[in-house]
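Chemist: A single structure is presented below for examination.
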Amino acid sequence: MKSQKVDLIIHNAQIHTLDPNNTIYEAIAIKDGKILELGPQRQILNKYSAKESIDAQGKEVYPGFIDAHGHMLMYAKQLLGVDLRGVRSQEELVLRCEQYKATHPNLKFLIGRGWDQTLWADWQMPTNHKLNALFKDIPVCLYRIDGHAALVNEYLIQQSAIVDQLNHIQGGAVVFAKTNLDETTNAAAINITSQLVKQKKINLQDYKPTGVLIDNAVDFVQAYLPNYSKSEYLEALVQVQDELLQYGITGVHEAGIDFEHIAWFKELISKNKLSINIYAMLMDSPKNRAFAAEHGPFEYKNLSIQSFKCFADGALGSRGALLKAPYEDHQNDYGLLLTDVQKMNDLAKFCLEHGYQMNTHSIGDSANALVLSIYEQVFNEKPDHRFRIEHAQILDPKDFLKFSQFAVFPSVQPTHAISDADWAEKRLGIHRLKGAYAYRTLLEKFGMLALGTDFPVEQINPFATIEAALYNPFGETLELEAILRGMTIHAAFAAFQENRIGSLEKGKEATLAILNNPISEQRSQVQNYAWRTFIKGKCVFKLDEL
Ligand SMILES: [Zn+2]
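By the count of this note's numbering, the sequence shown reaches residue 550 at its end, each step adding exactly one.
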């Protein structure tokens, strides 16, 4: 006799629990948003009567995917501005801005994102020459796909007076070219940093900014750039969530928010507009530190805050990654240190004191070595600190051991390996590729690997991550099981959420995805979607309603 009533049964399924034994079940019973039981179909259907029963038609079910490093706010901003992803030349970049202008009368400012000069024939950074003619009296800021560089127009350069302020900008550079050169190309351009200005190694009279700013120089001009309204952002954030849910993504580690954004997320959640699990990393600011000191690890429904995001260096694409030896394709250029060592040490201490994690963006081998040595102190005080390195992209092979010695949690984005495959060797030289994009070694050292996409730097699609990790062009591929764990239970561990989500086990949240097509090790899985996505037992996405 069917005795127990439940809310939902999903049966005729291949439920990949990703529990410690990797058990696969046929059916699952869900009550009050939690998993009550998993088992053979007959057992579950006989034992329980459900308000709703779903025949999964033999499809695969996984714990809801967690993107361990993404940027919902940045993606929302991208949706609000001009989309420059995939432009194939500087001319096309300008054309898209021109088209945007034509369809947006009374434009007060122009923000765009997504250009990537490594997709262009000449691989040269753009200049603002043509933009200046198009946008004479409004500010224009066009972020490179990785957000670590931007092309801004002359108006914004003038408004911000950045050239006069150069020696105040640490961890950033302004790209200049000789005044007598062709203004449409950046071929002979040089990066000018505060050090160069201070050392008087350069006579600025002979140079003119090309419009490209790197790392902290981009931050510098933000104050002179208007922004979208809060309501525009909130609306766009819901759109971002819709896109996540269609891929079965039910959790995002939001990599860096300001104090005001805590209230934004809380508002959306309290209005039941945002149901995915958000683990938000705080940017280091006095207000965010005060928040952490007051609350300690913080939870509000599906929002959890217990980490700080910090930038050790910039990105490889814009030569901001900090290297032990100079760039192969740029003389005497070691990249940029974005946060000074004392500040990083201080943040580590603060995090330890308040029960927070420190998640540091480190791309270059020098940045990684530095952050590992900072984390070493932390390990001595608290072995299960779960301090993370975000990206861990290029490592000196002798530094890998420190991930196991000091329990440093690696958080990587396999799609970066695909995007960087064509030019990383040019930047780094072949000898340095040995420790680059070394996912298998990182997994072996720490025992867990959290996987993400860094969207909107890469596409949101988690199936692209699976494919990228299976076929890492740099050689260190991952097994399918390790990849799936990296997108679920290991990502949950990286956020101290392993007791609540990340695997399908009795008592945990019924947060899961039924996939439209099975995951297999064949190529071209990228077209896959969720067929149904559930958060706490509630269906939040149906493919047939798309
Ligand atoms: Zn990021």
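All C-beta atoms in this analysis are idealised placements derived from N, C-alpha and C, irrespective of residue type, glycine included.
Remember, predicted model here, so these are calculated numbers, not experimental data.
Mind listing which residues have their beta carbon within less than 5 angstroms of any non-hydrogen atom of ligand 1? Chain order is fine.
Modeler: 259, 458
Chemist: Any contact of the stretch 378 to 394 with the stretch 496 to 508, i.e. 3+ C-beta pairs under 8 angstroms?
Modeler: yes
Chemist: How do the stretch 129 to 146 and the stretch 303 to 319 stand: do at least 3 beta-carbon pairs fall below 8 angstroms, yes or no?
Modeler: no
Chemist: Applying the criterion that 16 or more other CB atoms from any shown protein chain within 10 Å of the CB defines a buried residue, is residue 107 buried or exposed?
Modeler: The sequence position of residue 107 within the sequence shown is 103, counting from 1. Exposed, by the Cβ-count rule.
Chemist: In terms of residue numbering, what span does the alpha helix (DSSP H) encompassing residue 244 cover?
Modeler: Translated into the one-based positions of the sequence shown, residue 244 becomes position 240. Looking at the DSSP string, the run of the alpha helix (DSSP H) that includes residue 244 is 234 to 250.
Chemist: Residue 179 and residue 195 look like a contact to me (Cβ under 8 angstroms); what is the Cβ gap, rounded to whole Å?
Modeler: Here residue 179 refers to the residue found at position 175 of the sequence shown. Here residue 195 refers to the residue found at position 191 of the sequence shown. Yes, they are in contact, since the Cβ atoms of residue 179 and residue 195 sit about 6 angstroms apart, within 8 angstroms.
Chemist: Do you know whose CA, among 110, 77, 17, lies nearest residue 42's CA?
Modeler: As a first step, residue 42 must be located in the sequence shown, where it is residue number 38. It is 17.
Chemist: Given a cut-off of 9 angstroms on the beta-carbon distance, is the pair residue 63 and residue 466 in contact?
Modeler: Counting from 1 along the sequence shown, the entry for residue 63 is found at position 59. Counting from 1 along the sequence shown, the entry for residue 466 is found at position 462. No, these two residues do not count as a Cβ contact at 9 angstroms.
Chemist: Does the contact criterion of 3 or more C-beta pairs under 8 angstroms hold for the stretch 293 to 311 versus the stretch 323 to 334?
Modeler: no
Chemist: Which residues in the same chain have their Cβ closer than 7 angstroms to the Cβ of residue 421, if we skip the five residues on either side of it in sequence?
Modeler: Working through the sequence shown from its first residue, we reach residue 421 at position 417. If we look at residue 421 and ignore the five residues flanking it on each side, its Cβ neighbours are 441, 472, 476, 477, 478.
Chemist: In whole angstroms, what is the alpha-carbon distance linking residue 255 and residue 72?
Modeler: The residue given as residue 255 occupies position 251 in the sequence shown. The residue given as residue 72 occupies position 68 in the sequence shown. Computed Cα separation, rounded: 8 angstroms.
Chemist: Exposed or buried, which one is residue 435 when buried takes at least 16 other CB atoms within 10 Å?
Modeler: What you label residue 435 is simply residue 431 of the sequence shown in a count that begins at 1. Exposed, because fewer than 16 other Cβ atoms sit within 10 Å of the Cβ of residue 435.
Chemist: What's the gap between the Cα of residue 343 and the Cα of residue 215?
Modeler: Numbered from its first residue, the sequence shown carries residue 343 at position 339. Numbered from its first residue, the sequence shown carries residue 215 at position 211. The alpha-carbon of residue 343 is positioned some 24 angstroms away from that of residue 215.
Chemist: Name, in chain order, the residues that DSSP records as bridge partners for residue 287.
Modeler: As a first step, residue 287 must be located in the sequence shown, where it is residue number 283. Answer is 313.
Chemist: Apart from the five residues on each side of it in sequence, which residues of its chain come closer than 7 angstroms, Cβ to Cβ, to residue 151?
Modeler: Counted from its first residue, the sequence shown places residue 151 at position 147. Result list for residue 151: 78, 461, in chain order.
Chemist: Taking all protein chains shown into account, decide if residue 126 is buried (16 or more other Cβ within 10 angstroms of its Cβ) or exposed.
Modeler: As a position in the sequence shown, residue 126 is number 122, starting the count at 1. So residue 126 ends up on the exposed side.
Chemist: With residue 408 and residue 449 assumed to form a contact (beta carbons below 8 angstroms), what rounded beta-carbon distance in angstroms separates them?
Modeler: As a first step, residue 408 must be located in the sequence shown, where it is residue number 404. As a first step, residue 449 must be located in the sequence shown, where it is residue number 445. Residue 408 to residue 449, Cβ: 4 angstroms. Contact.
Chemist: Should the stretch 156 to 170 be regarded as contacting the stretch 219 to 233, the criterion being three or more beta carbon pairs within less than 8 angstroms?
Modeler: Contact holds: three or more Cβ-Cβ distances are below 8 angstroms.
Chemist: How big is the Cα-Cα spacing for residue 45 and residue 31?
Modeler: Residue numbering aside, residue 45 sits at position 41 when the sequence shown is read from its first letter. Residue numbering aside, residue 31 sits at position 27 when the sequence shown is read from its first letter. Cα to Cα, the separation comes out at about 5 angstroms.
Chemist: Mapping the DSSP letters down to three states, classify residue 533 as helix, strand or coil.
Modeler: Position 529 of the sequence shown, counted from the start, is the residue given in the question as residue 533. Coil, per DSSP.
Chemist: Which residue or residues does DSSP assign as beta-bridge partners of residue 53?
Modeler: As a first step, residue 53 must be located in the sequence shown, where it is residue number 49. The partner list for residue 53 (beta bridge, DSSP) reads 9.
Chemist: Going by DSSP in three states, residue 393 sits in which element: helix, strand or coil?
Modeler: Your numbering for residue 393 matches position 389 in the sequence shown. Strand.
Chemist: Can you tell me whether residue 375 is buried or exposed, with buried defined as 16 or more other CB within 10 angstroms of its CB?
Modeler: For the purposes of this step, residue 375 is taken as the residue at position 371 of the sequence shown. When all chains shown are included, residue 375 counts as buried.
Chemist: Check whether the stretch 83 to 103 and the stretch 479 to 488 are in contact - that is, three or more C-beta pairs closer than 8 angstroms.
Modeler: no
Chemist: Quick one: what's residue 195 bridged to in DSSP?
Modeler: Here residue 195 corresponds to residue number 191 of the sequence shown, with the count starting at 1. DSSP lists 179 as partners of residue 195.
Chemist: Identify the residues that DSSP records as bridge partners of residue 363: which are they?
Modeler: By one-based count along the sequence shown, residue 363 stands at place 359. 313, 392.
Chemist: Please state whether the Cβ-Cβ distance between residue 459 and residue 74 is less than 9 angstroms.
Modeler: Here residue 459 refers to the residue found at position 455 of the sequence shown. Here residue 74 refers to the residue found at position 70 of the sequence shown. Yes, the Cβ-Cβ distance between residue 459 and residue 74 is below 9 angstroms.
Chemist: Taking C-beta to C-beta, are residue 352 and residue 382 nearer than 9 angstroms?
Modeler: As a first step, residue 352 is located in the sequence shown; it is residue number 348 there, counting from the start. As a first step, residue 382 is located in the sequence shown; it is residue number 378 there, counting from the start. At a Cβ-Cβ threshold of 9 angstroms, residue 352 and residue 382 count as neighbours.
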